[in-house]
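Here the structure is laid out as structure tokens; the discussion comes afterwards.
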Amino acid sequence: MTATAYDPREKLTADIERAGFYPDLVRDIVDEALAGLEPESHFVQVETHFSHNNLHRHITVLVVSGSLLILAHLDDQHLEEGQQTVAHVGVEAVKLSSLRAVTISYGYDNPQAYKPGTVPTELSMQIAWTGSLHLELAPATCPDPHCTADHGYSGDASREDLALRVSATADGPEAILQAQQFARALHRAHIQVSESR
Numbered sequence: 466m467t468a469t470a471y472d473p474r475e476k477l478t479a480d481i482e483r484a485g486f487y488p489d490l491v492r493d494i495v496d497e498a499l500a501g502l503e504p505e506s507h508f509v510q511v512e513t514h515f516s517h518n519n520l521h522r523h524i525t526v527l528v529v530s531g532s533l534l535i536l537a538h539l540d541d542q543h544l545e546e547g548q549q550t551v552a553h554v555g556v557e558a559v560k561l562s563s564l565r566a567v568t569i570s571y572g573y574d575n576p577q578a579y580k581p582g583t584v585p586t587e588l589s590m591q592i593a594w595t596g597s598l599h600l601e602l603a604p605a606t607c608p609d610p611h612c613t614a615d616h617g618y619s620g621d622a623s624r625e626d627l628a629l630r631v632s633a634t635a636d637g638p639e640a641i642l643q644a645q646q647f648a649r650a651l652h653r654a655h656i657q658v659s660e661s662r
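The following block contains the structure:
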């Protein structure tokens, strides 16, 4: 095995490089956010969204270091045609003791064929620390096509500050394994901090 398999900082750097989304900028941002602390566990995710004629990408880097969860997020914005691209960066350090909830959801294809150790096909992680309530609302529908009444709105409300979804189909099975390892490490660190209060 190479040194990167044993050195968390080198592994973090390698994963940022592999993501390929402004790697030099992202690496410097994460290094600055760590402020000399050593990473213990991390997860790097690049997401791409399409809308009409636009391509929009963003990267999220999560790092557990000591008693902190460090989050770095970078979006790029393409200004008007012929103008430059601008990167918007956000960094936050959250004490693990401030986390209100770490929720991990798994999806498995063909659960009837499940065997111990089977890798999930989907993983979602919600992390809450401020208690912000996020609402997703849409106009309520009525099965009567002739109805003209206002049925209000329906939707979901969830308390989360960060939500990530990783799919084996979209992101690959290796991304699922990395997300699962990070989720377990964060969950374990959160429990340890909670028990020591």
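Letter by letter, the sequence shown follows residues 466 to 662 of this note's numbering.
Note that the Cβ used here is the ideal one computed from N, Cα and C, for glycine as well.
Everything numeric in this text was worked out from a predicted model, so none of it was measured.
Taking the C-alpha atoms as reference points, what is the distance between residue i and residue j?
i    : j    : result
T467 : L629 : Reliability fails at T467, whose pLDDT of 45 lies under 50, so the model's placement of it is uncertain and no value is given.
H507 : Y618 : 38 Å
A715 : L536 : Outside the displayed range of the chain (466 to 662) lies residue 715, so it cannot be described from this structure.
S632 : T586 : 6 Å
Q510 : Q591 : 14 Å
I656 : N575 : 31 Å
Q645 : T606 : 37 Å
Q643 : E482 : 15 Å
G563 : R522 : Per the sequence shown, the amino acid found at residue 563 is Ser instead of Gly. For S563 and R522, the distance between alpha carbons rounds to 29 Å.
D541 : T550 : 7 Å
A484 : R565 : 30 Å
P581 : P604 : 43 Å
E512 : V526 : 12 Å
V658 : A593 : 15 Å
R717 : V559 : With the chain running from 466 to 662 in the structure shown, residue 717 is simply not present.
P504 : R653 : 15 Å
D496 : A648 : 21 Å
Y579 : D472 : 33 Å
P488 : H543 : 18 Å
S661 : S570 : 25 Å
Comparing C-alpha positions only, which one of the options sits nearest to residue i?
i    : options                : result
Y573 : A552, H616, D615, P638 : P638
S589 : P473, L627, V528       : L627
G555 : F647, A498, A614, V631 : A498
S532 : L561, R522, V511, Q542 : L561
V529 : Q577, E660, L477       : L477
A500 : P604, R474, Q577       : R474
A446 : E660, H616, V567       : Given that the chain is displayed from residue 466 to residue 662, the structure contains no residue 446 and the question cannot be resolved.
I494 : L534, L502, H538       : H538
I641 : Y487, V584, D609, P488 : V584
E557 : T595, H616, F486, A635 : T595
H514 : A635, P610, P488       : A635
F486 : H611, I524, A479       : I524
The beta strand (DSSP E) that contains residue i, what's its start and end?
i    : result
L666 : An answer regarding residue 666 cannot be provided, because it is not within the stretch 466 to 662 covered by the chain.
L629 : 627-632
V495 : V495 -> not in any beta strand (DSSP E); alpha helix (DSSP H) instead, spanning 488-499.
E557 : 550-560
Quick one: what's residue i bridged to in DSSP?
i    : result
Q645 : Paired residues: none, contrary to the question.
F508 : L527
K580 : BP columns for K580 are empty, so no partner.
R474 : Answer by DSSP bridge pairing: none, since R474 is not bridged.
H514 : H521
Q591 : T568, A628
P604 : Y618
Verify the contact flag: residue i, CB atom, against every heavy atom of the ligand NAD, threshold strictly below 8 Å.
i    : result
A552 : Within the structure as shown, the ligand NAD is missing, as the structure has no ligands at all.
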